[in-house]
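Chemist: One structure follows; several queries about it will come next.
Chains as they are written, first to last, in the UniProt record's numbering: chain C, 1 to 315; chain F, 1 to 554.
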């Protein structure tokens, strides 16, 4: 078990270092001088040179990488060119929107998907299964922004239960803040739930044909108890894999939904930074997301070992 | 009064009839055997009693257990019966347990469910039950997971689950088929004791007549979903009134007719080295002090457990055309040894010579000529073929080791010839594996093995997945090819009947060593080593079983 943990941890760290090199290199290759961008087209060559020296842009590549990477470790991401504030402040401001949104969406998606997957697998090939999987097919096919618009129309415009967009900030109170996150979370969760339900169903169908399911039934457990107690845990590995991937997507891939709902999240921050060529912000947010994805994957790897005792003893 | 009474049970799945008018009964404290070949409906009959049928199945007739009409009972009633009054043991111990739950949890679960006992009480009962089936908690704690146990231990856990609540009826569906003979004898003893202790009725399902004869007072023989014959075991099998009963009994004792040509000078294993001189011919295969170690499991980052010695200083030789059995319990190292003979694995030390040339430590390219002359037949005719390829391609697979690539026409001709040798027609060439029965598939894998006209065929349990009548045919085929093609065999098996039927010599393997070697009949009739003795004693034998039963009944 310890060996498994250490190996996973080592792989995660190596991945993180490699990813940081790639991110750094890509932004080096992209044309455009950050100093020139910050000072504008009217600045003189001397002024640009001065700023380049101040920003350390004239140092050798390796030195700059180490300086940048060292900064990352102490959460010093540098200053945004366009906002002229430390990047860490921008991220801090945005992550309090994006992280809760992603977590709520993930929870919703899981709460919907697992029972639907179980239901479908239990009625494999019967009417209930066909209907549930038809709905899931629809969920996968329909883009989430369309869901978002329909939800806004129904709950915000028509029923007036929640605001149509914007984010009052957590300072306005937990309830109003949560209220403005509900619709975007649902819009994000539905397509994810559809995918997850399909994965759960097929994993469950595989597991249900196993001999030990028959053994459990022969003990006198009702079918439903067998599904929850014996089948679900064995079907968890593919489900956890997908959950891990979905969390990464929900954290970063919410640009469209954040735009539809005018939410000041990380997705919009990256989007704006890219259009404004605020490379230092792009770099930092991308690194943050990479770290989050790697951390989640590490968590998923560890959860495999929790779920399946065979992984604990195998190398 | 009978505990279980099945009358006129008919069953269909979709439009396919599976059972017709099956009659069967089990009394308390009695063992009833249900025998039949695969597809005869044995397992479906058992699942009907448990009401664990596929949902498309429709049953009619009467199944009464302890006065309860099973076919009409509600699902709740069935849940109350299953695991409490009726227990069931399944064939495949390796997959019958949930891999993510400890054995303690799995045994205690049924106890808690039915008795509403507290966790601690249920665990206590589970501990006692596991102890009763031969898994003392001091050695096998309740916190073990199934993958940490051997096949025999897992089957004991399954029996503990089934018998935890002292059921009135136990249904055992091929409970020992996946186990070696020694484990089989132990498990059968355990079942017999449990029957005697609790006056439990046992419905024992098996394809093995000898096992059923040893265990059951009464026997029911099933074929294509219909009862052929039923009655007192000893009488049914000694009189063999029904032609199908006779056919089954004969097939399970079948010995192919073969001329014994390779017994000169082999009575004494000490003579093996000198014998080639006697015969003036070189041995085909020479294995010289071969050892194979597997690295131990990593305990932590730097420490490893001591390596396991799978094969320990083994030497033997096989002459051209000789048929040798390698017999031993599961895990004794026989498959590892076979892999090294086939140059699929390298020994840690020692050398293997094939046709006088050393084959250990050679590259794939250097091995090509040797590969042409040695082929392999595996146990599972279902698993060893790619279902998406035609027979022509599958049987022609080994041809890539030939010196020059045959043309398409030559290839078809060689395949046709190989198919002919194993009793199939040239038309079978364009079929897919699923179009063949189990026995035909094993013929295909033999055709694949002999297409390069090898000098040596290694057969790893080649008939243990087959029904007795098919097994008899395949054994005949092996015997015939031995005569006509002069091919030598290394038969790996734990089944002594197979060894007796088809081999000149037998080697008994135990804990990585060959502990005894000699003429097959000699070793099996008068075993010398402990390992050989326990194998022979544990092996079910139909003749012996019938005789013992008749004697008991006077």
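We treat Cβ as the ideally placed atom computed from N, Cα and C, and that holds for glycine.
Taking three-plus beta-carbon pairs below 8 Å as touching, is the stretch 101-117 of chain C in contact with the stretch 276-284 of chain C?
Modeler: Because the criterion of three Cβ pairs below 8 Å is not met, the stretch 101-117 of chain C and the stretch 276-284 of chain C do not touch.
Chemist: Any beta carbon from chain F within less than 7 Å of residue 238 of chain C's own beta carbon?
Modeler: Stepping through the first chain from its first residue, residue 238 of chain C is reached at position 238. Not closer than 7 Å to any Cβ of chain F, the Cβ of residue 238 of chain C fails to qualify, so no.
Chemist: Taking 7 Å as the threshold (C-beta atoms), are residue 137 of chain F and residue 127 of chain F in contact?
Modeler: In the second chain, residue 127 of chain F corresponds to position 127, counting from 1. In the second chain, residue 137 of chain F corresponds to position 137, counting from 1. Yes; because the gap between Cβ atoms is below 7 Å, this pair is in contact.
Chemist: Rounded to a whole number of angstroms, what is the C-alpha to C-alpha distance between residue 439 of chain F and residue 107 of chain C?
Modeler: Indexing the second chain from 1 puts residue 439 of chain F at position 439. Indexing the first chain from 1 puts residue 107 of chain C at position 107. Answer to the nearest angstrom: the Cα atoms are 53 Å apart.
Chemist: If you draw a straight line from the C-alpha of residue 11 of chain F to the C-alpha of residue 493 of chain F, how long is it?
Modeler: For the purposes of this step, residue 11 of chain F is taken as residue 11 along the second chain, with counting starting at 1. For the purposes of this step, residue 493 of chain F is taken as residue 493 along the second chain, with counting starting at 1. Going by the C-alpha atoms only, they are around 37 Å apart.
Chemist: Quick check on DSSP: helix, strand or coil for residue 231 of chain F?
Modeler: The count along the second chain starts at 1 and reaches residue 231 of chain F at position 231. In the structure shown, residue 231 of chain F sits in a strand (DSSP, three-state: E or B).
Chemist: Rounded to a whole number of angstroms, what is the C-alpha to C-alpha distance between residue 151 of chain F and residue 184 of chain F?
Modeler: Numbered from 1 along the second chain, position 151 holds the residue referred to as residue 151 of chain F. Numbered from 1 along the second chain, position 184 holds the residue referred to as residue 184 of chain F. Those two C-alpha atoms are separated by around 11 Å.
Chemist: Rounding to the nearest angstrom, what Cα-Cα distance links residue 100 of chain F and residue 118 of chain C in this structure?
Modeler: Here residue 100 of chain F refers to the residue found at position 100 when the second chain is read from its first residue. Here residue 118 of chain C refers to the residue found at position 118 when the first chain is read from its first residue. Computed Cα separation, rounded: 18 Å.
Chemist: Between which two residues does the beta strand (DSSP E) harbouring residue 210 of chain F extend?
Modeler: Locating residue 210 of chain F in the second chain gives position 210, where the first residue counts as 1. First-last for residue 210 of chain F: 209-215, but that is the alpha helix (DSSP H), not the beta strand (DSSP E).
Chemist: Quick one: does the C-beta of residue 149 of chain C sit closer than 6 Å to a heavy atom of the ligand GDP?
Modeler: This structure lacks the ligand GDP, and indeed carries no ligand of any kind.
Chemist: If we define contact as Cβ-Cβ less than 7 Å, is residue 110 of chain F a contact residue for chain D?
Modeler: No chain D is part of this structure, whose protein chains are labelled C and F.
Chemist: Would you kindly work out how many angstroms separate the C-alpha atoms of residue 553 of chain F and residue 250 of chain F, rounded to a whole number?
Modeler: Here the question's residue 553 of chain F lines up with position 553 in the second chain. Here the question's residue 250 of chain F lines up with position 250 in the second chain. Cα-Cα distance, rounded: 23 Å.
Chemist: Could you tell me which of F:318, F:156 and F:233 sits nearest to residue 94 of chain F, measuring between CA atoms?
Modeler: Counting from 1 along the second chain, the entry for residue 94 of chain F is found at position 94. That would be F:156, whose Cα lies nearest to the Cα of residue 94 of chain F.
Chemist: Please tell me whether residue 124 of chain C has its Cβ less than 7 Å away from any Cβ of chain F.
Modeler: Against the first chain, residue 124 of chain C aligns to sequence position 124. Taking Cβ atoms only, chain F never reaches closer than 7 Å to residue 124 of chain C, which makes this a no.
Chemist: Considering only residues of the same chain and omitting the five flanking positions on each side of residue 534 of chain F, which have a CB-CB separation below 6 Å?
Modeler: Along the second chain, one-based indexing puts residue 534 of chain F at 534. Counting only Cβ-Cβ distances below 6 Å, and skipping sequence neighbours, we find 182.
Chemist: Counting beta carbon pairs with one atom in the stretch 299-308 of chain C and one in the stretch 237-252 of chain C, are three or more of them shorter than 8 Å?
Modeler: They touch, by the three-pair rule.
Chemist: Residues of chain F with CB under 9 Å from residue 221 of chain C, in chain order?
Modeler: Locating residue 221 of chain C in the first chain gives position 221, where the first residue counts as 1. Neighbours of residue 221 of chain C on chain F, chain order: 79, 82, 83, 109, 110 and 113.
Chemist: Comparing the C-beta of residue 230 of chain C with each C-beta of chain F, is any distance below 7 Å?
Modeler: To locate residue 230 of chain C, count along the first chain from 1; it is residue 230. For residue 230 of chain C, the answer is yes, since a Cβ of chain F falls inside 7 Å of its Cβ.
Chemist: Please name the residue in F:340, F:97 and F:257 whose C-alpha comes closest to that of residue 293 of chain F.
Modeler: Here residue 293 of chain F refers to the residue found at position 293 of the second chain. Measuring from the Cα of residue 293 of chain F, the nearest candidate turns out to be F:340.
Chemist: What are the boundary residues of the beta strand (DSSP E) that includes residue 340 of chain F?
Modeler: The residue labelled residue 340 of chain F in the question sits at position 340 within the second chain. Run containing residue 340 of chain F: none in the beta strand (DSSP E); it sits in the alpha helix (DSSP H), 334-341.
Chemist: Between the C-alpha atoms of residue 176 of chain C and residue 166 of chain C, what's the straight-line distance to the nearest angstrom?
Modeler: The residue given as residue 176 of chain C occupies position 176 in the first chain. The residue given as residue 166 of chain C occupies position 166 in the first chain. If you take the alpha carbons of residue 176 of chain C and residue 166 of chain C, they lie about 11 Å apart.
Chemist: Tell whether a beta-carbon distance below 7 Å holds between residue 4 of chain F and residue 204 of chain F.
Modeler: The residue you call residue 4 of chain F lines up with position 4 of the second chain. The residue you call residue 204 of chain F lines up with position 204 of the second chain. No, these two residues do not count as a Cβ contact at 7 Å.
Chemist: What's the gap between the Cα of residue 135 of chain C and the Cα of residue 208 of chain C?
Modeler: Reading the first chain from its first residue, position 135 is the one you call residue 135 of chain C. Reading the first chain from its first residue, position 208 is the one you call residue 208 of chain C. Taking the straight line joining both Cα atoms gives about 23 Å.
Chemist: If we count the other Cβ atoms within 10 Å of its Cβ and call it buried at 16 or more, is residue 544 of chain F buried or exposed?
Modeler: Locating residue 544 of chain F in the second chain gives position 544, where the first residue counts as 1. Per the 10 Å Cβ criterion, exposed.
Chemist: Span of the beta strand (DSSP E) holding residue 510 of chain F?
Modeler: Mapped onto the second chain, residue 510 of chain F falls at position 510. From DSSP, the beta strand (DSSP E) with residue 510 of chain F extends over 505-510.
Chemist: Could you check which residue in F:508, F:368 and F:463 has the C-alpha nearest to that of residue 380 of chain F?
Modeler: Sequence index remark: in the second chain, residue 380 of chain F carries index 380 (1-based). The shortest C-alpha separation from residue 380 of chain F is found at F:463.
Chemist: With a 10 Å radius around its C-beta and 16 neighbouring C-beta atoms as the bar for buried, classify residue 274 of chain F as buried or exposed.
Modeler: Within the second chain, numbered from 1, the residue matching residue 274 of chain F stands at position 274. Per-residue confidence for residue 274 of chain F stands at a pLDDT of 39, beneath the threshold of 50, marking its modelled position as unreliable; no derived number is given.
Chemist: Step through the CB atoms of chain C and report whether any lies within less than 7 Å of the CB of residue 92 of chain F.
Modeler: One-based indexing of the second chain puts residue 92 of chain F at position 92. Yes - at least one Cβ of chain C is within 7 Å of the one on residue 92 of chain F.
Chemist: Alpha carbon to alpha carbon, how far is residue 225 of chain F from residue 586 of chain F? Give it in angstroms, no decimals.
Modeler: Only positions 1 to 554 of chain F appear in this structure, which leaves residue 586 of chain F out of reach.
Chemist: Of the choices F:71, F:43, F:390 and F:309, whose alpha-carbon is the least far from that of residue 296 of chain F?
Modeler: For this step, residue 296 of chain F is matched to residue 296 along the second chain. Out of F:71, F:43, F:390 and F:309, F:309 has the C-alpha closest to the C-alpha of residue 296 of chain F.
Chemist: Do residue 200 of chain F and residue 332 of chain F have their CB atoms nearer than 7 Å?
Modeler: Position 200 of the second chain, counted from the first residue, corresponds to residue 200 of chain F. Position 332 of the second chain, counted from the first residue, corresponds to residue 332 of chain F. No, the pair does not count as a contact, with Cβ atoms beyond the cut-off.
Chemist: Residues in the stretch 143-173 of chain F with C-beta within 8 Å of chain C's C-beta atoms, listed in sequence order?
Modeler: Within the stretch 143-173 of chain F, the residues whose Cβ lies closer than 8 Å to some Cβ of chain C are 145, 147, 148, 158, 161 and 162, listed in chain order.
Chemist: In whole angstroms, give me the CA-to-CA distance for residue 266 of chain F and residue 13 of chain F.
Modeler: For this step, residue 266 of chain F is matched to residue 266 along the second chain. For this step, residue 13 of chain F is matched to residue 13 along the second chain. Because the pLDDT at residue 266 of chain F is just 44, under 50, the model does not fix this residue reliably, and the point stays unresolved.
Chemist: Please check the pair residue 149 of chain F and residue 36 of chain F, which I expect to be a contact at CB under 8 Å, by giving their CB distance rounded to whole angstroms.
Modeler: Here residue 149 of chain F corresponds to residue number 149 of the second chain, with the count starting at 1. Here residue 36 of chain F corresponds to residue number 36 of the second chain, with the count starting at 1. No, residue 149 of chain F and residue 36 of chain F are not in contact; Cβ-Cβ is about 30 Å, not under 8 Å.
Chemist: Let's see if you can read the secondary structure: which residues bound the beta strand (DSSP E) around residue 25 of chain F?
Modeler: The residue you call residue 25 of chain F lines up with position 25 of the second chain. Looking at the DSSP string, the run of the beta strand (DSSP E) that includes residue 25 of chain F is 16-26.
Chemist: Which of the three DSSP states is assigned to residue 213 of chain C in this structure?
Modeler: One-based indexing of the first chain puts residue 213 of chain C at position 213. Helix, per DSSP.
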